[in-house]
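Numbering (the numbering used here), first residue to last: 926 to 1098. Yeah, the Cβ is synthetic: ideal placement off N, Cα and C, and Gly gets one too. Here the structure is a predicted model, which means the values were calculated and not measured.
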Amino acid sequence: QAKLDEHKSVRKDHELALQAEKLFGELASRLASVEVDCEKAAMMAEPLARAVDANPQDISTAEIRETKEALRVAQATLAPTTRLISGKVAGLKGSVRGKMLDLQSRAESAQALLDKTQRTVEEAQSRAAALPILKQAQERIATIEDVLQKMRETEAPFLMGIETMPPDEANEV
């Protein structure tokens, strides 16, 4: 009886393996198209990363918006595919399980690529948003220095003890 028990589920295991093999083909092609979307989003973010490092004023909001949209599309297709692969790996055995684990690792690397791209886009967006504020602050600093110089010129006679006013100005007051 013990010898028979270990062979009881051979047919069921074989049928599951055949189904999983079929599903593997579908998931592999689906993951390949998702990986293409991830690569597209990453390639769209490369110019943003270079612009952030070199000259942040070259970052355009249209470029950021397009990259964010590509990122959103890739993320929207990757998440369900990853969940589907993870759900199927649990019940499998043998070589098909190994293939599914390989798919799962590919999905995880695609997710890591998307995470890196997301960080790049967020950095570019924050730099682009900070640029006008920085420019305005620099302009204000420049005007402050002019005002301080004028103030020094007008207060200089009082600081040196020369507090006499010309008669013309005294009559005006």
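Residue i lies in the alpha helix (DSSP H); which residues open and close that run?
i	result
residue 1082	1019-1085
residue 981	Taken as a continuous stretch (DSSP letters only), residue 981 belongs to no alpha helix (DSSP H), as it is neither H nor E.
residue 1011	986-1014
Using the Cβ count rule (16 or more neighbours within 10 Å means buried), how would you classify residue i?
i	result
residue 1013	buried
residue 986	exposed
residue 956	buried
residue 1084	exposed
Below 8 Å on the Cβ atoms is my guess for residue i versus residue j; work out the distance and round it to an integer in Å.
i	j	result
residue 1035	residue 960	5 Å
residue 938	residue 1018	7 Å
residue 1053	residue 984	5 Å
residue 1029	residue 1010	5 Å
Are the Cβ atoms of residue i and residue j separated by less than 8 Å?
i	j	result
residue 970	residue 1045	yes
residue 992	residue 974	no
residue 962	residue 999	yes
residue 951	residue 1021	no
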